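Beneath this line is the structure, given in structure tokens, with notes to follow.
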Amino acid sequence: MDGYVLAQHRAHSFYPVFDRKPDAQHQTHYCPGCGHGILHKLIARAIDELGIQDRTIFVSPVGCAVFGYYYFDVGNIQAAHGRAAAVATAVKRTRPQSIVISYQGDGDLAAIGSAEILHAANRGEPITVFFVNNAIYGMTGGQVAPTTPVGAKSTTTPFGRSVENEGYPLRVCELLAALEAPIYLERVALGNNKQITAAARAVKKALEIQVKGLGFSLVEILSPCPTVWKMTPVEAQRHVRDELAAIFPAGVYRDRSKDAVPWNAPARPPGDVRGMLGIAPSNGKKPAPPGTFVDQRIKIAGFGGQGVLLLGEILAEAGMRAGLEVSWLPSYGPEMRSGASNCSVRLSTAPLDSPVVSSPNVLMALNEPSLRKFLPDVEPGGAVFYNRTALPEDCRRQDVHFILRPFTELADELGDARAGNMVLLGAFLQMSRALPLEAVGAALAHMIPSERLRALDLEALERGRQLVKEILP
Amino acid sequence: MPSQLMKGNEALMKGAILAGCRAFYGYPITPANEIAETAALYLPQLGGVFLQAESEVAAINMCYGAAAAGARVMTASSGPGISLMQEGVSYLAGAELPCVIADLMRGGPGLGNIHPEQSDYFQVVKGGGHGCYRNLVLAPASVQEMAELTMLAFDLAEEYRNPVFVLADGCVGQMMEPVEFPEVMKVTGAPEWAVTGTAATRHNLIHSIHLEPADLERHIRHLETKYKRAGREILRFEEWRTEDAEVVLVGYGIVSRVLKAAVERLRRRGIAAGLLRPITLFPFPSAALRRLSARAKLFVTVEMSTGQMVEDVRLALEGRAPVEFYGRVGGIIPAAEEVSDFVVRLLTLPQVEEERAWMAMF
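Residue numbers (numbering that gives the first Met the number 0), protein chains in the order written: chain Y, 0 to 472; chain C, 0 to 361.
Shown next, in the form of structure tokens:
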């Protein structure tokens, strides 16, 4: 090396030999004059200077930089096309002490990954994104990118990008600057040495922000692609300087690094996990089932607010406590939000097959639409509890037993119309004798924490039982 | 013994937490929402991560990142959301990352509806994403199994370094049944291959790209070896009244429970019926089916689909016995009586041919 002074050593964060590369392991796979090589060097140097090599996790994109892991001697994860920001989000959340770099091109970040980058930035993920904008798809051979200048030819805009067909170039820094969360957004260029020096400062600053835990940082790098642009490296640098920089002005679009404060997740001591999850301790053995055969297939239906689902849950809870096989299945989804509500409950001494009750032997209809909807399904010989004293004219059946009482009004007389479901439950218990009263009491004690409401429920239950005693003494 | 009533979706997530899951990335979809809601309630309190992503695409790639960084991670979705996740699942399999994915199947195609179906069998059991990979697939049929099989799923995912699906339908997720959680509470560290941002893991690499054809073939053969090993080691199925069965009903998930009632009905009519319920859908209990064909003269597959798993039943039996199919779709759960009636018609009436022709239209 006589006559030479080694001004810059290889960054330690680069592998000395690119063992992961199949061939030519002393040179990168990038074309002469490509911006990726320059930017890789700036990033590796910044990692060295900040002393974060062991902590760094480099998420490489799909695109020319897919092989970032050939070169960077740091933890490496290769992501699906466009998803590097989502991958980096979860890496950082899993390992908050790590320094996570999401390295993405313009197709990856600004087209297919536009949702992921927007939301990662908007959540203020404390990661660092290096966005290489060379205004073209390089790896796939020169297709139009969201950042391609208007009029520029590409393999998929053979007549030039037109505003009518492809729209205008997408300006990512300006777009993200509309968000509240990002701490640092800057656009730099690799058009000459002066610009490269400025880019080096931005790269290091973006990483420093992450080291300090301040929040989201992104540096957009206008980068030459001589091969696809069909230019010499020198022409390509000039193109970056003169053409791209005119469309994508360099500059700082956001810098809140002075005001931002590091955010640290509060430490959470591991407590009693099972207790927190509400997991009941094992109760030893199951209570013995009742001696008599039970097979109640119950459909409960009404308006939201009538306690339809709760009534079903109490039946299932009581059934379980009485040693029966039980299941509870609610109606769910849009149906639930339209105001109508129904559920199916099965109580059985035999193992249950389906929790769906298609032909109930008990229908509890708390309003008229429910009666109309489910009455035709009731099995002959079944029982129908309806919340009125009379049936609608056109809703008659001779082959089922009707219990017609204004359960809701009776509950209202007791002080709370919402206990109408409990009046009905009392009537059912008295009539079917499928469940012992103690089991229902235990279920209520378990499910209704308020003593006042529970007292009211028990009173309503008793009122319901009296109703049936009046009918069937 | 089972001691508390719980929704299937809630039991699934609580089982996951007991199995050491501390990361959940998801996107809302009915009928899987209670899983994410349970995760959102507990994981942050346990020092874990819950994040509602901007899409299922982002969610599955977040799972990829979390798994790469060594977290026990899961997501949950349903039909359309699972379709969106398929590319990410392929990446998980290709990069050999463990992840548990719960699919609470709903009606399709397209927006379909939110009622239960079993129409994601193809897209989950047959791969769904691109490339030669398989998911390990567990199919719970009760709230108890929602908890237990999810716990198993985490261990399998880590052991095989592969995505594991818990494939249930909306019905199993929404219903409440008694459940008892096993007395375990796992806290797992990062696997040694994970990229955790430490000196010890600095040389670790997670990727799925193999440019050289010979390299990629070697990688795919390696994956294939794992799937064959799974076939030997993790196969699970339930046989019920098959010891003398001449008619074997085949169904999984909620349908298998209907089929037990159908078996009873058939036996009351003097037909020696039994049930084979696959618990693992991949690997599939092919050998068990072949064994049963020594006695059984008819196999009837019942699904809440127009016939997806039935293809695996036919492949397993290789023509040893006729395989008929009965399916309901759109959110309708077949009733035991319609299944038993169908079987009786198959065994007795000439109009069977007509019915077969009608079913074949679908």
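Cβ coordinates follow ideal geometry from the N, Cα and C atoms, glycine included. Remember, predicted model here, so these are calculated numbers, not experimental data.
Contact belief for residue i with residue j at Cβ below 8 Å, rounded distance in angstroms
i, j, result
"D168 (chain C)", "L103 (chain C)", "7 Å"
"P476 (chain Y)", "A321 (chain Y)", "Shown here, chain Y extends from 0 to 472; a query on residue 476 (chain Y) therefore has no answer."
"E245 (chain C)", "A271 (chain C)", "5 Å"
"T74 (chain C)", "G25 (chain C)", "5 Å"
"S339 (chain C)", "L265 (chain C)", "5 Å"
"L206 (chain Y)", "I98 (chain Y)", "7 Å"
"A197 (chain Y)", "V210 (chain Y)", "Contact flag wrong, Cβ pair sits at about 20 Å."
"Y404 (chain Y)", "L466 (chain Y)", "Residue identity differs from the one stated: residue 404 (chain Y) is Arg in this sequence, not Tyr. Indeed, because the Cβ distance is near 5 Å, the residues count as touching under 8 Å."
"F71 (chain Y)", "R170 (chain Y)", "Not confirmed; about 28 Å, so no contact."
"I220 (chain Y)", "N132 (chain Y)", "7 Å"
"G252 (chain C)", "L258 (chain C)", "Their Cβ separation, rounded to whole angstroms, is 10 Å, which puts G252 (chain C) and L258 (chain C) out of contact at 8 Å."
"I297 (chain Y)", "V356 (chain Y)", "7 Å"
"F129 (chain Y)", "I42 (chain Y)", "7 Å"
Alpha carbon of residue i to alpha carbon of residue j, nearest angstrom
i, j, result
"V123 (chain C)", "M363 (chain Y)", "39 Å"
"A92 (chain C)", "E223 (chain C)", "11 Å"
"A433 (chain Y)", "A193 (chain C)", "56 Å"
"N366 (chain Y)", "E312 (chain Y)", "19 Å"
"T407 (chain Y)", "K372 (chain Y)", "20 Å"
"Y29 (chain Y)", "L38 (chain Y)", "12 Å"
"A266 (chain Y)", "R54 (chain Y)", "21 Å"
"I278 (chain C)", "K204 (chain Y)", "54 Å"
"L392 (chain Y)", "E179 (chain C)", "Here residue 392 (chain Y) turns out to be Glu, not Leu, going by the sequence shown. So the two alpha carbons sit approximately 48 Å from each other."
"M0 (chain C)", "P354 (chain Y)", "Unreliable positioning characterises M0 (chain C) in this predicted model, as indicated by a pLDDT of 43, which lies under 50. The coordinate reading is nonetheless provided below. Each residue's alpha carbon lies about 20 Å from the other."
"A85 (chain Y)", "C62 (chain C)", "9 Å"
"G290 (chain Y)", "D411 (chain Y)", "37 Å"
"V325 (chain Y)", "I299 (chain Y)", "15 Å"
"E469 (chain Y)", "P375 (chain Y)", "27 Å"
"Q429 (chain Y)", "L460 (chain Y)", "10 Å"
"E211 (chain C)", "G87 (chain C)", "22 Å"
"L346 (chain C)", "V422 (chain Y)", "49 Å"
"E147 (chain C)", "I56 (chain Y)", "35 Å"
"L413 (chain Y)", "A444 (chain Y)", "20 Å"
"T200 (chain C)", "G67 (chain Y)", "17 Å"
"L110 (chain C)", "L83 (chain C)", "13 Å"
"V227 (chain Y)", "I135 (chain Y)", "8 Å"
"D47 (chain Y)", "V239 (chain Y)", "28 Å"
"M446 (chain Y)", "G380 (chain Y)", "32 Å"
Residue i, buried or exposed, once every other Cβ within 10 Å from all chains shown has been counted against 16
i, result
"P282 (chain C)", "buried"
"W262 (chain Y)", "exposed"
"N32 (chain C)", "buried"
"A389 (chain Y)", "exposed"
"V16 (chain Y)", "exposed"
"H129 (chain C)", "exposed"
"E362 (chain C)", "Not covered by the structure: residue 362 (chain C). The range shown for chain C is 0 to 361."
"F292 (chain Y)", "exposed"
"E232 (chain C)", "exposed"
"E179 (chain Y)", "exposed"
"S347 (chain Y)", "buried"
"V233 (chain Y)", "exposed"
"N386 (chain Y)", "buried"
"K477 (chain Y)", "The question about residue 477 (chain Y) has no answer, for chain Y in this structure spans 0 to 472."
"S76 (chain C)", "buried"
"A438 (chain Y)", "buried"
"H202 (chain C)", "exposed"
"H221 (chain C)", "exposed"
"P97 (chain C)", "buried"
Taking a Cβ distance cut-off of 7 Å, strictly less, list which residues of the stretch 36-47 of chain C are near chain Y, in chain order.
With the criterion set as a beta carbon lying under 7 Å from some beta carbon of chain Y, the members of the stretch 36-47 of chain C are Y41, Q44, L45, G46, in sequence order.
Near-chain C residues of the stretch 288-318 of chain Y (beta-carbon distance less than 8 Å), N- to C-terminal order
Of all residues in the stretch 288-318 of chain Y, E312, A315, E316 have a Cβ within less than 8 Å of some Cβ in chain C.
On the three-pair Cβ rule with 8 Å, is the stretch 3-14 of chain C touching the stretch 129-143 of chain C?
These segments touch.
Does the stretch 125-134 of chain Y come close enough to the stretch 71-81 of chain Y that 3 or more CB-CB pairs lie under 8 Å?
No, they do not touch.
I want to know whether the stretch 156-164 of chain C touches the stretch 237-253 of chain C - three or more CB-CB distances under 8 Å.
By the Cβ rule, the stretch 156-164 of chain C does not count as touching the stretch 237-253 of chain C, because fewer than three pairs are nearer than 8 Å.
Determine, using beta-carbon pairs with one atom in the stretch 292-311 of chain C and one in the stretch 325-339 of chain C, whether at least three such pairs fall under 8 Å.
Segment contact: the stretch 292-311 of chain C against the stretch 325-339 of chain C, three or more CB-CB distances shorter than 8 Å; contact assigned.
Which of the residues in the stretch 64-84 of chain Y, read from start to end, lie with their CB under 9 Å from any CB of chain C?
Within the stretch 64-84 of chain Y, the qualifying residues are V65, F66, Y68, D72, V73, G74, N75, I76, Q77, A78, A79, H80, G81, R82, A83, A84.
Chain Y contacts from the stretch 195-212 of chain C (Cβ-Cβ distance under 9 Å)
For the stretch 195-212 of chain C, the residues whose beta carbon sits under 9 Å from a beta carbon of chain Y are, in order, T195, G196, T197, A198, A199, T200, R201, H202, N203, L204, I205, H206, S207, I208, L210, E211.
Using a Cβ-Cβ cut-off of less than 7 Å, give me the residues of the stretch 118-143 of chain Y that come near chain C, in sequence order.
From the stretch 118-143 of chain Y, only H118 have a Cβ closer than 7 Å to chain C.
Note down, in chain order, all residues in the stretch 165-185 of chain C with a beta-carbon under 8 Å from any beta-carbon belonging to chain Y.
The residues in question are G169, C170, Q173, M174, M175, E176, P177, E179, F180, E182, M184.
Proximal residues, the stretch 242-274 of chain C versus chain Y, C-beta separation under 7 Å
Against chain Y - using a Cβ distance shorter than 7 Å - the residues of the stretch 242-274 of chain C are I253, R256, V257, K259, A260.
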